[in-house]
Amino acid sequence: MDLHRSPIAVKPSPVALIAACVACATLLFAAETIAGFYDGSAAPDADHAPSTSFWGPEPSYGNCWEDPSRKRLPECGAVRVPEQLTVKLLFEFDEYIVPDTVVNRWVIATLDSYIDKVTRSPAREYITIIGHTDAKGADDYNMALGMRRAKAVHDYFIAQGYPASLLAPPESRGERELLPQYSPLSVEQRRVVINKVDR
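Numbering (mature numbering (1 follows the signal peptide of the UniProt record, and there is no 0)), first residue to last: -30 to -1, 1 to 169.
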């Protein structure tokens, strides 16, 4: 009996060959991408980096890249404040507590982000805060309610560290400036409007 048999040739299937090619291409792409990270060529720049997708959320204004090769990105410590700010908080009926009775609470995050940028930058941003109500109720009551809403937002700014010297005194319009595109009793009327203005 012959104990030294010749090896049997195994012919790979087309499916196996395709799978192997795909795996090789994937590994090659990954290697090139990682190499790009190390030499800086794959880094996003300030003008063209997407705000989401692969790179994740756009960095906040207080963040920076430590890698000195990424010269087109903001320098460390630079904090940019938005050129304009107009925010509208909507309130539950006859309410004025911030943030507990604010209907569109996601806007609070916008305020917090803005306050954080200003307090960490040399910018001096002057803010006006005006309270409004819907048409239900007496005029004098609504004027007082609008003022309570404006003052609650004013106090919220200060509690979050915003300089009181950069806040205009809170104001009220009551029901005297209803938005014509909404019902007089709409939640859109029960608002506080916050604006950045020039002094």
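Cβ coordinates follow ideal geometry from the N, Cα and C atoms, glycine included. Computed from a prediction, not measured in an experiment: that's the story for all the values here.
Measure the beta-carbon distance from residue i to residue j and round it to whole angstroms, keeping in mind my assumption that it falls under 8 Å.
i: L59; j: V123; result: 6 Å
i: V162; j: G101; result: 5 Å
i: T80; j: V57; result: 6 Å
i: P150; j: I99; result: Not really, about 23 Å apart at Cβ, beyond 8 Å.
Short of 7 Å in beta carbon distance, which residues of its chain neighbour residue i, apart from the five on each side in sequence? Order them along the chain.
i: L148; result: A105, P154, Q159
i: T103; result: N112, L115, G116, G144, E145, Q159, R160
i: T89; result: G131, Y132
i: A134; result: I128
i: R75; result: P69
i: R94; result: L136
i: K121; result: P140
i: Y152; result: E158, Q159
Would you identify the three-state DSSP class for residue i, choosing helix, strand or coil?
i: N165; result: strand
i: D71; result: In the sequence as displayed, the identity of residue 71 is Thr instead of Asp. Looking at T71 - three-state DSSP - the assignment turns out to be coil, as it is neither helix nor strand.
i: S153; result: coil
i: L81; result: helix
i: R90; result: coil
So, for residue i: in the same chain, excluding its five sequence neighbours on each side, which residues have a beta-carbon less than 6 Å away from its beta-carbon?
i: I78; result: P69
Name the one or two DSSP bridge partners that residue i has.
i: L59; result: V162
i: S142; result: G101
i: Y96; result: V167
i: L137; result: I97
To which residues of the same chain is residue i closer than 8 Å at the C-beta, ignoring the five residues directly before and after it?
i: I97; result: L55, F127, Y132, L136, L137, A138, I164, N165, K166, V167
i: I85; result: F127, Q130, G131, Y132
i: F61; result: T71, V72, V73, R119, V157, R160, R161, V162
### Query
Between the segment 58 to 72 and the segment 99 to 119, do three or more beta carbon pairs fall short of 8 Å?
These segments touch.
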